[in-house]
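Data first, discussion second: the structure below is written as structure tokens.
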Amino acid sequence: MKLLIAFSPLIVLIFFQEQISCFYLAKSTSSGYYQDGDFVIGGLFSLRMTLGGHLKPKILFKDKTDTLDVVHVDLTRHYQHILAIVFAIENINKDPHILFNMSLGFYLFNGNFIETKAMESSMGLLSGESPPIPNYTCRPEKTDKVVAVIGGISTSISTQISRVLSLYNIPQLHPFLQNSQLGRSSNEENVVNKEVSATKLDIFNYQSLQSGTKAQVKVGEFVFESHSVQHLSLNDKLITWGEHHNQSPLSACSQSCPLGFRKTSVEGKPFCCFDCAPCPDGEIANETDMDQCIKCPEDQYPNKQRNQCLPKIMVFLSHEDTLGAVLVSLAISLSAFSAMILGLFVCYRDTSIVRANNRNLSYLLLISLMFCFFCSLIFIGQPSTVTCVLRQMIFGVVFSVAVSAILAKTFIVVVAFKAIKPGSRLQMWMVMRLSNVIVCCGSIIQVCICAVWLGTYPPFPDVDMHSEFGHIILCCNEGSTLAFYCVLGYLGFLASLSLLIAFLVRRLPDSFNEAKTITFSMLVFCSVWISFIPTYLSSTGKTMVAVEIFSILASSAGLLGCMFLPKCYVILLRSADLSRKKFFK
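Going by mature numbering (1 follows the signal peptide of the UniProt record, and there is no 0), the letters in the sequence shown line up with residues -22 to -1, 1 to 563, in that order.
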């Protein structure tokens, strides 16, 4: 009994359904344009546009709403689209090579740019009758063959159509796609060909004409090539504004980045919101709103505004520079002073103070010091292959001659006071010959080091583009750094040996004893070159060259002053006292 009561409403509902299976919701409307086929393509078009200021009635979902049409504008171009579809389908059916033993049909409706009519047409296409019957198929021979629907000339109409068709899983074809990447339920991804032509959208302005009618006026266009390449052109003079606006609205989250700045994204905000950051060192931004700055070439540098690359200036230690002119003047003056002392020693060559400790060694030492001052001039000027090779070689050889001469003098002091019997000319002659051997051997070893340097990895002209901002430094690359420090190390060895021997015999009798002067001169020489190494390594460009020139001049001047100024004082100011003492003896 309970089961009968439960199924009674269902039996009544089924019976009532059979009686009203095709009950129409409204009066007859357009039944569409139908042509049968094995496969049917649906189409929803808008052949007319309704204009006017009518009020849309309130929709209560109780009765069928009617649209009050005031003005109709026929859209002949859309009618041409319908004819094109019909023509294409008929030609496909006529060609047996396209669809063998099958035919295409169509089912076309008109929506007149009205959302309600578009929905009615969609339901009519699904039910097979007009007016439509929702959720029912009255003409299955029509509806079961529908494979896709072309429609949605505007966004709003396309949305309404898709809401109806999606319920029955019927594909809808749009004029354009909004995304080039389409996902599937199977986690597969289809990518639309990105090489298709760009999307072009016309921008219209609705304007009221003098006759009272309204018309659309094209005022611009928008071309979409990709997410990063978009073009908007707008003619403000053709636009008719409303009461509350008189210019194009400005839609920008951030101000435009000026020249010399690049855009940086802001976390948590859309891509149109950004900050402006100045370009880093060595880069420029020569356009506004640049995403990345452009790096200047190596031979150019950015200006202060960082919007333009300027050519770098080539610099080197020139004779025309203040520093170069001072060093040249100092080198020439010291070499001239050495020549004067040499002339003084030649004039007083027969005096005891000049003859002591081998005057020939004194002449050789003065000449080598003179060349030491002159060799610093090779370091000044634009570097070339010849000057780069000569300046280090001449510096090493000339200085080795000078220090070897001082070492020979030190040896003579030791032998003269400790190893030679007074009056032994043979032994003194042997000592003189041995001093010459010391000078020759000391110089030849340095020549061999320089020859190996030239044969393996000689110095060469080079450019430094990074040490000084805005400058290209023309300099000499020493080639083999090891060979360069071997030259300095050998000079340090000779100087240290002379200093050690002179220090050990510093307490010998003072008469014509050069041990003290040699000690002081070697202390100055070693101090200068020990200070030179860290200063040279921490310098760049013209400063590096100036440091080496100053070390050459300072060490040579130290040798000249400590070794010969006391003797010059004795020769010029105390020569009378020495002659008087010699006369009384």
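No residue lacks a Cβ here, since even glycine has one placed at the ideal position from N, Cα and C.
From a predicted model like this one, the values you see are computed outputs, not experimental measurements.
Item                                                                                                                     : Value
The segment 360 to 367 contacting the segment 429 to 443, beta-carbon criterion three pairs below 8 Å                    : yes
Residue interval of the beta strand (DSSP E) (run including L212)                                                        : Q208 to L212
Other residues of its chain near V306: CB distance less than 8 Å, five sequence neighbours each side excluded            : H297, L355 and I358
Where F542 falls: helix, strand or coil (DSSP)                                                                           : helix
Alpha-carbon to alpha-carbon, V207 and C235                                                                              : 18 Å
Through-space distance from Y279 to L344, alpha-carbon basis                                                             : 49 Å
Length of the line joining the Cα atoms of I181 and F239                                                                 : 33 Å
Local Cβ density within 10 Å of Y184, reported as buried at 16 or more and exposed below that                            : exposed
Pair within 8 Å by beta-carbon distance, H56 and F23                                                                     : yes
Status (buried if at least 16 other CB within 10 Å, exposed otherwise) for C353                                          : buried
Whole-number beta carbon distance between S382 and S421, since they are thought to touch under 8 Å                       : 6 Å
Alpha-carbon spacing of G190 relative to G220, whole angstroms                                                           : 16 Å
Exposed unless 16 or more other CB atoms sit within 10 angstroms - verdict on F351                                       : buried
Close Cβ partners of D518 (< 8 Å) along its chain, the five nearest in sequence each way excluded                        : In the sequence under discussion, the amino acid at residue 518 is Thr, which differs from the Asp named in the question. D442, S445, E446 and I451, listed in sequence order.
At least three beta-carbon pairs within less than 8 Å, the segment 122 to 140 to the segment 82 to 93                    : yes
For N455: DSSP bridge partner residues                                                                                   : F438
Residue 582 - containing alpha helix (DSSP H), residue span                                                              : Because residue 582 is not part of the residues shown, which for the chain are -22 to 563, the question remains open.
Inter-residue CB distance, V375 and V425 (contact presumed, cutoff 8 Å)                                                  : 6 Å
Beta-carbon proximity list for M522, same chain, < 8 Å, skipping 5 on both sides                                         : C453 and Y514
Pair within 8 Å by beta-carbon distance, Y468 and S378                                                                   : yes
Three-state secondary structure (DSSP) of H449                                                                           : strand
Per-residue DSSP class, three states only, for Q58                                                                       : helix
Residue span of the beta strand (DSSP E) that contains N183, given as start and end                                      : T177 to S186
CB of C464 within 8 Å of CB of I427, strictly                                                                            : yes
Beta strand (DSSP E) segment containing I217, residue limits                                                             : Unbroken run through I217: none, as it is neither H nor E.
Three-state secondary structure assigned by DSSP to I272                                                                 : strand
Status (buried if at least 16 other CB within 10 Å, exposed otherwise) for V142                                          : buried
Cβ-based neighbour list, Y547, same chain, cut-off 6 Å, excluding 5 preceding and 5 following                            : none
Where N69 falls, given that 16 or more other Cβ within 10 Å makes a residue buried                                       : exposed
V324: first and last residue of the uninterrupted alpha helix (DSSP H) it sits in                                        : T300 to C325
Rounded C-alpha distance that separates S476 from S316                                                                   : 22 Å
Distance CB(residue 580)-CB(L538) smaller than 8 Å                                                                       : Because the chain spans -22 through 563 in this model, residue 580 falls outside it and cannot be assessed.
T242 - partner residues in DSSP beta bridges                                                                             : D253
Cut-off 7 Å between Cβ atoms - residues of its own chain near K545, not counting five sequence neighbours on either side : I331
Beta carbon of M541 nearer than 8 Å to that of T497                                                                      : no
Residue interval of the beta strand (DSSP E) (run including V293)                                                        : I291 to V293
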